[in-house]
Amino acid sequence: MTYSYYPGCTLKTKAKDLDRYARASAAALGIELRELPDWQCCGGVYPMAKDEIATKLSSVRALIAARDAGTDLVTMCSACHNVLKQVNHDMAADENVAAKAANYMKLDEPYRGETKVIHFLELLRDEVGFDELKKRVVKPLTGVKIAPYYGCLLLRPGRVMGFDDPENPVVIENFIRALGATPVIWAMRNECCGGYATLEKKEIAEKKATAVADNALANGAQLMITACPLCLYNLTKNAQSGLPVKYFTELLAEALGVKEDA
Amino acid sequence: MQRIGVFVCWCGSNIAGTVDVKQVAEMLKHEPGVVFSTDYQYMCSESGQNLIKDAIKEYDLTGVVVCSCSPRMHENTFRKAAASVGLNPYMVEIANIREQCSWIHKDMPVGTAKAVILGRAAVAKVHLNAPLTAGESPVAKRALVIGGGIAGIQTALDIAEAGFPVDIVEKSPTIGGKMAQLDKTFPTLDCAACILTPKMVEAAQQEKINIYAYSEVDSVKGFVGNFDVTIRRKARFVKEDLCTGCGLCTEKCPMKKVPNEFNCGMDNRSAIYIPFAQAVPKVATIDASYCIKKKTGKCGLCSTVCGVGAIDYDQKDEFIEQKYGAIVVATGFEPISVEKFDEFAYSQSPDVVTSLEYERLMNAAGPTSGTLLRPSDKQHPHTIVFVQCVGSRCDAKNEKGKQYCSKVCCMYTAKHAMLTREKYPDTDVYVFYIDVRTPGKNFDEFYRRAVEDYGVHYIKGMVGKVVPENGKLKVQASDLLANEQLHIDADMVVLAAAIEPDKSARPLATMLTASMDTNDFFTEAHPKLRPVESPTAGVFLSGMCQGPKDIPDTVSQASACAAKVIGLLSKDKLTGNPCVAHSDELLCNGCSSCEKVCPYGAITYADKEFRMPDRTTAVRRVAQVNPAVCQGCGACTVACPSGAMDLYGFSNQQIMAEVDAICK
Amino acid sequence: MQVENKEFKPLIVAFCCNWCSYAGADLAGTNRLNYPADVKIIRVPCSCRVNPLFILRAFQRGADGVIICGCHPGDCHYTTGNYYARRRMTLLFSMLDYLGIEKGRTRVEWVSAAEGQKFAETMNSFVETIRSLGENKRLEDLRCKTE
Amino acid sequence: MENTNLKERILEISGVNPRKCMKCGKCSATCPNYDEMEYHPHQFVDMVEKGNIEPLMASESLWTCLSCFACVERCPRSVEPAKLIEAVRLAVIRAQGGNHLKPQDIPDKLDDELPQQAIVSAFRKYSK
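Chains as they are written, first to last, in this note's numbering: chain A, 882 to 1143; chain B, 409 to 1072; chain C, 9 to 155; chain D, 103 to 230.
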């Protein structure tokens, strides 16, 4: 199984753990993640306006590169995933945007969303399969109660992302089960942690992050996992709850017994 | 050659004012086949009609053209007049020279010229008219009611009252439907069971009514007056005629962990069960997917304790074939699944319930014997939040919800809120609403009482998120009038789930060739003037299957539906519309194009023997139109590639003749 | 050339379904809403009864325009007839256009029994279109001359 | 009060039809940052529809919307209020000198662990 891989800027600096544990796990599972040669930053947040073209081009370049490589495009960071998937949807659904992007980039043919963007979690669910993953686990995390945190970016808008049921998702829960641990079902898993506010209005970020973490704690969580570097930062740094937060890939590597190699 | 008479009406000055009627009569006199032509002041008057009748007799007319007002006004009048003197009524044609000529043209020569052309077209058509006789078919004097809820029961009772036998087919083990699950009914607050169960008993005792509970319609063939229906009686594994409903088996059954659907799964029942105490028929049923004997072959306890030997583990589905004159659809509704709206945390907390579940929690026969206890810890709730419009009134792009208003939620929520405050005055009750819709007799008064006398907090806004935390439900909502976001720590949240047609409705509609809208509600023949009939002749609609409605509306519609059925069944024979399609079997190549476009399923195929030129015979598949079912739209005549299909009264040749006459 | 002096009086055939449009035409009459006498109405049970051959016949016999009126989509007395009519006419009209009978000479309109006003407006605008297109001469040579 | 040109531009770039709104208030009910906003999501929809856009452009709410899409996801009428808020925000920052966040402000806000994602997304949202 070979995939193009878009790590994103944060995974090269502050979120190296998210990246290296993913790579180690993928190798253990026989998945080849080929980093795209010249990827550029996606911009971190999807430009919603219909007349925004330039801000979508870095995503389009990555999408085209994956198409030309003949592979699906795997993302790891929630934000990159959200931006790439939404831009891909624009290219497929909005002829006008696709034509303008082609014009900017001097393409002969407009790119119309041919690449399939999948998050690493989707890859584990749909390509590897959680049953198969369970068989590959060598160090099951038995007894650990883990709160899966989706945040906003993985799930919404549900119609475009098509990631999971946006109000009642199960993919990270099933992932946790596959690793032998126990998922905590809690309502704030798909509520915003306020991460975007951390730069300018830290008090908002603190309030939101604390509310999220408190709800996980109240439901008996010992640990929270996420796919978003900003959520991890915010929930660790700004939340007043003291609940440890880790990347889902770290647990994966641990359960697969490759954490030390990473 | 036809002998045609032309009769030009003045309609006082309505026609004669802008059309030179004498000239029209004179001009048409020279049309081929016209042997008599005259004008008269009021052709529709008795003397005008006599003029036509006399002319028919005197000139031995074979066809009549009346140049007068719209055929929608007096076509029938003139046809009857013709029939009274022995001329086939379908030999009469009308040229509309009033609505479509004299009234819209001011200039006499222009109006006159057009009237002549319209008259010519009518004459040309009459030349090709043939006498038509409406077909007749016998009526099976028995009605089938599909669905045994309050709608089906009421319709059946009313039909039986008129003396016609009725069969009720109900898919669950008892009749009663959703109303049997309700606690009180708005706006009078009388108990649902108190008013429903006597009707259920009446239906059981009425000798003209036959109840097939735990049964489904398997197939429907035939047409109005003559439906052939196969009913599947699902195996209960209990002999209905022997079971006395004593209930001993249900007590002794060791498998007691079956979710009880009557209480919306909030408690358990045994594998052999009687849904509720007043069930009709009061007969036990074995749920084979839970029965230990059925699953493992060991047990058989119910058979041992049954004093009358009613248990039969080897019972098989039975099929009954019956002829019906009319079919009533009363398949009802169900609440939508609210799991997809999980911002309300329905799947995360047992204390978030639907309104139907709340109904059971308030009901004396419910899982808590009528004491309101929250499901998680069986404690009295002190703060309850009601959320209206869950899944109703959604945009078409919103795949989770329905576009329509479910109509009953505003009132039952007011009822729940009021009853809760009445029984437990220490409870805070909030209702979040978008609009409160209470059109109906004593409905708004009822809602105002909830607010004014019972102190229910009605808040204009919506709940956005429910977070279960530390035994509470943290409700985040908007209060639009105060322009505030509210945070309420609630003990229970009650969701007014949208209603949708029962899942069995769609396959049934296919069987009946009855049309449905995009929401799977059955379509009525006319939204205003024929609201209880399906466009498919002989199929009638009762209750929620046609659209959201409350109990008073349902019962009214059920009785109206019965009146229509009685009207049909009291006829010995049905006279059809003779202007129906017919196929020329010599031309038909059996391609099925006509069958595909027929909205009524009126076209079938038969293998017929044909004598070939060389005196051999060949069998070919040819289309046959059932004149009792065909409504005469003519879609098939155009679809037919070989020109075998034609329509009586509006044949290809007749319409072509009109075209030619106009374009001359 | 005398023809030039004479006002062009187009010949227009309107097929109206019995349940909606024919009743709409009646209502136009009841309300005395004028439209040109060039329009002659033929009553059919449903717009789906209109065979493309009827339209060809009309043009063959010298009609300058043909209009088909039916119930609004979703309101057909026979549930689906007007959808068939719409699909058939879309195909036919583009074929006629290809043959040289301009698209403007053919039209499908939905007129309900309550829309007398719309019926009159529709006919006025259709006649106007036909007048601007002029006489339908394209089929002249092929026309079956009737005695 | 009505500003037709501005309204049309906002509607065009957002692709939102505020007339679809049935004024249920679910957007504002679900908004996680409601209390930090002067104008709330349902007011954005209402005020844009009425052409009353200047107060929104001057409002702090533009910078406190978390872009979490909760209002977009949960709106029963598919109105997508967040897209309106973004369109109004763009109308402000695309104007000369409209940038809300300036590069020279950044160093003070950094700490060792702050991910790049926070900075790039803030620039995308708040500056041109």
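Ideal placement from N, C-alpha and C gives every residue a C-beta, glycine not left out.
Rounded to the nearest angstrom, the Cβ distance from residue 1001 (chain A) to residue 903 (chain A) is 6 Å, consistent with a contact under 8 Å. At a cut-off of 8 Å between beta-carbon atoms, residue 181 (chain D) makes no contact with chain A.
Close to chain C, meaning a Cβ-Cβ distance shorter than 7 Å, are the following residues of the segment 915-939 of chain B: 923. Judged by their CB atoms, residue 925 (chain A) and residue 145 (chain D) are not nearer to each other than the 8 Å cut-off. Taking a Cβ-Cβ threshold of 9 Å, none of the residues of chain B is close to residue 929 (chain A); the smallest such distance is about 17 Å. For the options C:133, C:50, C:39, C:113, the alpha carbon positioned closest to that of residue 143 (chain C) is the one of C:113. Non-local C-beta neighbours of residue 174 (chain D) in its own chain, meaning closer than 8 Å and more than five positions away in sequence, comprise 182, 183, 184, 185, ordered along the chain.
Counting the other Cβ atoms within 10 Å of the Cβ of residue 976 (chain B) gives 16 or more, which makes it buried.
For the pair residue 699 (chain B) and residue 679 (chain B), the CB atoms are nearer than the 8 Å cut-off. Using beta-carbon distances, residue 447 (chain B) does not count as an interface residue toward chain C, since no partner is under 8 Å. Fewer than three Cβ pairs drawn from the segment 959-966 of chain B and the segment 919-936 of chain B lie within less than 8 Å of each other, which leaves the two stretches out of contact. Residue pairing from DSSP places residue 552 (chain B) in a beta bridge opposite B:575, B:735. No beta strand (DSSP E) of 3 residues or more sits fully in the segment 77-107 of chain C. By the 16-neighbour rule on beta-carbons within 10 angstroms, residue 482 (chain B) is buried. Apart from the 5 residues on each side of it in sequence, residue 51 (chain C) sits with its Cβ closer than 7 Å to the Cβ of 24, 26, 30 in its chain, given in chain order. For residue 960 (chain A) and residue 133 (chain D), the gap between their C-alpha atoms comes out near 20 Å. Approximately 18 Å separates the beta-carbon atoms of residue 771 (chain B) and residue 595 (chain B); this is outside 8 Å, ruling out the contact.
Straight-line measurement puts the Cα of residue 688 (chain B) at about 10 Å from the Cα of residue 607 (chain B).
Residue pairing from DSSP places residue 898 (chain B) in a beta bridge opposite B:881. Membership of residue 641 (chain B) in the beta strand (DSSP E) is indicated by the continuous run 634-641. When DSSP assignments are scanned along the segment 1021-1053 of chain B, the uninterrupted stretches of beta strand (DSSP E) that are 3 or more residues long and fall wholly within it turn out to be 1025-1033.
Unbroken alpha helix (DSSP H) stretches of 4 residues or longer found wholly inside the segment 577-633 of chain B: 600-613, given in chain order. Looking at the backbone, the Cα of residue 200 (chain D) and that of residue 229 (chain D) are separated by about 8 Å.
Taking a Cβ-Cβ cut-off of 7 Å, residue 845 (chain B) has no neighbours in chain D, whose nearest Cβ is about 12 Å from it.
When DSSP reads this structure, residue 989 (chain B) sits in a beta bridge with B:1055. Interface criterion not met: the Cβ of residue 485 (chain B) is under 8 Å from no Cβ in chain C. Of the residues A:932, A:896, A:894, the one whose Cα lies closest to the Cα of residue 117 (chain D) is A:932.
DSSP, reduced to helix, strand and coil, places residue 115 (chain C) within a strand of the structure shown.
From the listed residues D:222, D:224, D:217, the smallest Cα separation to residue 895 (chain A) is found for D:217.
Contact between the segment 1000-1015 of chain A and the segment 1068-1087 of chain A is absent: fewer than three C-beta pairs spanning the two stretches fall below 8 Å. Looking only at B:730, B:871, B:664, B:681, the smallest Cα-Cα distance to residue 719 (chain B) is reached by B:681.
Bridge pairing for residue 446 (chain B): B:415 [DSSP]. Against residue 753 (chain B), the close residues of chain A are 1068, in the order they occur along the chain (beta-carbon pairs closer than 7 Å). Within the same chain, and ignoring the five residues on either side of residue 899 (chain B) in sequence, the residues whose Cβ sits closer than 6 Å to its Cβ are 782, 789, 790, 791. DSSP places residue 535 (chain B) within a helical segment (H, G or I) once states are collapsed to three. Residue pairing by DSSP puts residue 909 (chain B) in a beta bridge opposite B:741.
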